[in-house]
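Notes for the one structure printed next.
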Amino acid sequence: MKSVLITFDQAFYDSVIAVLDRNSCRGFSYIEEVKGRGSKTGDPHYGSHAWPSMCSAIITVVEDEKVDRLLEMLHRLDKSTEQLGLRAFVWNIEKSI
């Protein structure tokens, strides 16, 4: 299993959730209004296209064999609009309860 953290502009919540649904990622945690430091000055701000200044984040658990497809679909979604500002980060889950 892998853990996937997805950051994006919160206006695109439904689009990101649709990608998760198509990949059978039913369980996730959603965090609204994430602050970041993506500006050239380092000041926190919301909603630009540069990580980490996204408005929202989702963390989910994905089966190993579904990770590549999920990332590919998220990448296509990100390419469809400059305002989305989507980024995805993946790491191994070593233990869980």
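Residue numbers (our numbering): 641 to 737.
We put the beta carbon where it would ideally sit given N, CA and C, even for glycine.
At which residues does the beta strand (DSSP E) containing I671 begin and terminate?
-> Following the DSSP letters along the chain, one finds I671 inside the beta strand (DSSP E) bounded by residues F668 to E672.
In whole angstroms, what is the alpha-carbon distance linking A728 and I737?
-> 24 Å
Where E582 and F668 are concerned, what is the direct C-alpha to C-alpha distance, given to the nearest angstrom?
-> As shown, the chain starts at 641 and ends at 737. That puts residue 582 outside it, with no answer to give.
Sequence-distant residues of its chain with Cβ nearer than 6 Å to E705 (five each side left out) | Nothing meets the Cβ criterion.
Considering L645, what are the terminal residues of the beta strand (DSSP E) in which it resides?
-> K642 to F648
Where the beta strand (DSSP E) through N699 begins and ends | As written in the sequence, residue 699 is Ile, which differs from the Asn given in the question. I699 -> beta strand (DSSP E) spans S696 to V702.
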